[in-house]
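Note that our numbering gives residue 173 to position 173 of the sequence shown, counting from 1, and the numbers run on in steps of one.
Each residue gets a CB set at the ideal place from its N, CA and C atoms; glycine is no exception.
Beneath this line is the structure, given in structure tokens, with notes to follow.
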Amino acid sequence: PPPPPPPPFFLHAHPGTPDPLWSRGLGDVYKRQIEINEDYIVLDKTIFFPGGGGQPNDIGFISLGKDEIEINKVSWKDGKIAHFFADLKGLSVGDTVLCSIDWDRRFKLMRTHTALHILCGVVWRDYKASVTGGNMEPLKGRMDFEFPSLSAELRDEIEEKINLEVREDRKISVDFLSREEAFQIPDLIRTKVNLLPESLKIIRTINIQGLDLQADGGTHVSSTSNVGYIKITGHESKGKINKRLRIAVLDN
1 PPPPPPPPFF LHAHPGTPDP LWSRGLGDVY KRQIEINEDY IVLDKTIFFP
51 GGGGQPNDIG FISLGKDEIE INKVSWKDGK IAHFFADLKG LSVGDTVLCS
101 IDWDRRFKLM RTHTALHILC GVVWRDYKAS VTGGNMEPLK GRMDFEFPSL
151 SAELRDEIEE KINLEVREDR KISVDFLSRE EAFQIPDLIR TKVNLLPESL
201 KIIRTINIQG LDLQADGGTH VSSTSNVGYI KITGHESKGK INKRLRIAVL
251 DN
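Quick look at the structure:
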């Protein structure tokens, strides 16, 4: 599907930034610079996603008047979100700048991230296989599962099941839970190893209603029907119990 207007499709992102703006669906927004370093700046709030949950960071531009700064990396640094640049072009602390993300790329990543959650949900529900690894880029991804074996017939069966979930138009919601509340939910952590640091006291969850609930830090579409067709493009063995599924997200 073509990229829609942002508002209904953004979901809340990491706790740690007060009222994170990428949760609000803003494609362009003015924000104030509060810190300038040698190769990055920090804003009081941001629409740039800093990467997380296996999802790459946003890219885009920060501009002041006619000066436009390309932002090609965003990440957490010393508890703040750092926007990395090659050329600062004379900006100063206190300037109010316009932030614009590459929305087409972001929406493709949102579709891909949700597609991987659908895959994870189906594989866990029907085969009780834990996730042992994964990665994504726009409209492509891979996920490794604790399968003893994975045949072409099983691959095709999984593809049919995950696209049924797309057509079910399942709504997707977000919540923030205390660590104590979160760990009372069975199967909230789908990875073979719990990757949540002890210092993380608030856990963000993504709920594909009726299919999948798990801890996650990335951005997603608001319904499975926004994903498009999920094609399993390959399967391979990565060890005795690790089997990899590769996907491509296609337009309907």
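At 4 residues or longer, what runs of the alpha helix (DSSP H) sit wholly inside the stretch 126-191? Listed in chain order, the complete alpha helix (DSSP H) runs (minimum 4 residues) inside the stretch 126-191 are 152-167, 179-182.
By Cβ distance, which residues of its chain are closer than 8 Å to Glu260, with the 5 residues on each side in sequence left out? What the structure shows of the chain is the stretch from 1 to 252, and residue 260 is not part of that stretch, so it cannot be assessed.
Using 8 Å for Cβ pairs, my map puts Leu150 next to Met136. What's the rounded Cβ distance? About 20 Å separates the beta carbon of Leu150 from that of Met136, a gap too long to meet the 8 Å contact definition.
Lys238 versus Arg32 - alpha carbon distance: 47 Å
Comparing C-alpha positions only, which one of Trp103, Asp78, Ala129 sits nearest to Val253? As displayed, the chain neither begins before 1 nor continues past 252, which places residue 253 out of reach and without an answer.
Opposing strand residues paired with Arg204 [DSSP bridges]: Phe176
From this set, Gln214, Asp251, Lys240, Ile247, which residue's C-alpha is nearest Trp124's C-alpha? Gln214
Tell me the residue span of the beta strand (DSSP E) that contains Gln214. 212-215
Taking only three categories from DSSP, how would you classify Phe61? strand
Between Ile34, Arg246, Leu250, Asn252, which has its C-alpha nearest Gly141's C-alpha? Arg246
Nonlocal neighbours in the same chain, by C-beta distance under 6 Å from Arg155, ignoring five residues either side: Ile232, His235
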